[in-house]
Each structure stands twice: as structure tokens, then as C-alpha cells.
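Novice:
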Amino acid sequence: MAFPSIASLFTWVRPRRIPRLASPQTAVLHVAIGGMHSDSCAIAVERHLKEVPGIVAVRVQSATSLAAITFQAEINASDLKDALRPHGYTLKVVAQDF
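The working numbering runs 42 ahead of the 1-based position in the sequence shown.
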């Protein structure tokens, strides 16, 4: 019985494409989220923030109540606060990476 080569074993595996989020046209805003109590709150906050025009990606950590928001266009903190306020969450800007 002939054994297949190692290379032939991995030909069926497609490499995963990972989207590039950090580019010269994007910036990252780090914010503190108030009113989160669970992982489902973090998911809801991500969903509400992604609805704001210009947002590329949102990562929320429920344990620390911090979020990293990657955006392309000029956004105001008030737009982000307005997206979360009706759902009972608050937002405070911590830092911004250009």
C-alpha cells in the first residue's frame, strides 16, 4: 500500500482569507461601553454600532466593556452614542489610533 505524500494531504485545504482592517484610510477608535452585563449585550452593541455609516468593523470585549471600532469615514462620537442610547448603553471615547 502506497502512502500519499504530505503535500497531497493538504491540497484540499483552502487558505482562509483574512480581511485587512488596518489601512491608511482607516482609523481605530477605542471606547468604553456602559450598561453591558453579558456576552449577548456585547453582540447587541456590535450589531448596533455596525449600522452606523462608515464603520468597517467592531470588536467588543464583554469582560472589560471595551470596544475597538475601525472606521473609514469621519464619524462623530455623538453618532455612536445616538446608535446605542435607545438600547440602554452608554459610550465614552478612550483613545483613537490613526
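Every residue gets a Cβ at the ideal spot worked out from N, C-alpha and C, and that includes glycine.
Based on Cα-Cα distance, which residue from Ala84, Val70, Ser80, Thr68 lies nearest to leucine 126?
Specialist: Residue numbering aside, residue 126 sits at position 84 when the sequence shown is read from its first letter. Closest by alpha carbon: Ala84.
Novice: Decide if alanine 115 is buried, meaning its Cβ has at least 16 other Cβ atoms within 10 Å, or exposed.
Specialist: Sequence index remark: in the sequence shown, residue 115 carries index 73 (1-based). Exposed is the call here.
Novice: Nearest to alanine 74 by alpha carbon, out of Lys123, His129, Gly96?
Specialist: Locating residue 74 in the sequence shown gives position 32, counting from the first residue. For the residues Lys123, His129, Gly96, the minimum Cα distance to alanine 74 belongs to Lys123.
Novice: Give the DSSP-derived three-state secondary structure of valine 98 in the structure shown.
Specialist: Within the sequence shown, the letter at position 56 stands for residue 98. Strand at valine 98.
Novice: Please say whether aspartate 139 and alanine 86 have beta carbons closer to each other than 8 Å?
Specialist: Sequence index remark: in the sequence shown, residue 86 carries index 44 (1-based). Sequence index remark: in the sequence shown, residue 139 carries index 97 (1-based). Not in contact: alanine 86 and aspartate 139 (Cβ atoms no closer than 8 Å).
Novice: Apply the 10 Å Cβ neighbour rule to serine 107 and answer buried if 16 or more other Cβ atoms are within range, or exposed otherwise.
Specialist: Counting from 1 along the sequence shown, the entry for residue 107 is found at position 65. The residue is buried, with at least 16 neighbouring Cβ atoms inside 10 Å.
Novice: Could you pull the start and end residues of the alpha helix (DSSP H) that isoleucine 149 belongs to?
Specialist: Residue numbering for the chain in the displayed model covers 43 to 140; residue 149 lies beyond these limits and cannot be assessed.
Novice: Would phenylalanine 113 and glycine 130 be called neighbours here (beta carbons separated by less than 8 Å)?
Specialist: As a first step, residue 113 must be located in the sequence shown, where it is residue number 71. As a first step, residue 130 must be located in the sequence shown, where it is residue number 88. Cβ atoms of phenylalanine 113 and glycine 130: not closer than 8 Å.
Novice: By the 10 Å Cβ neighbour count, where 16 or more other Cβ atoms means buried, how is valine 136 classified, buried or exposed?
Specialist: As a first step, residue 136 is located in the sequence shown; it is residue number 94 there, counting from the start. Per the 10 Å Cβ criterion, exposed.
Novice: What residues match up with leucine 71 in a beta bridge as DSSP calls it?
Specialist: For the purposes of this step, residue 71 is taken as the residue at position 29 of the sequence shown. Partner(s): Ile111, Gln138.
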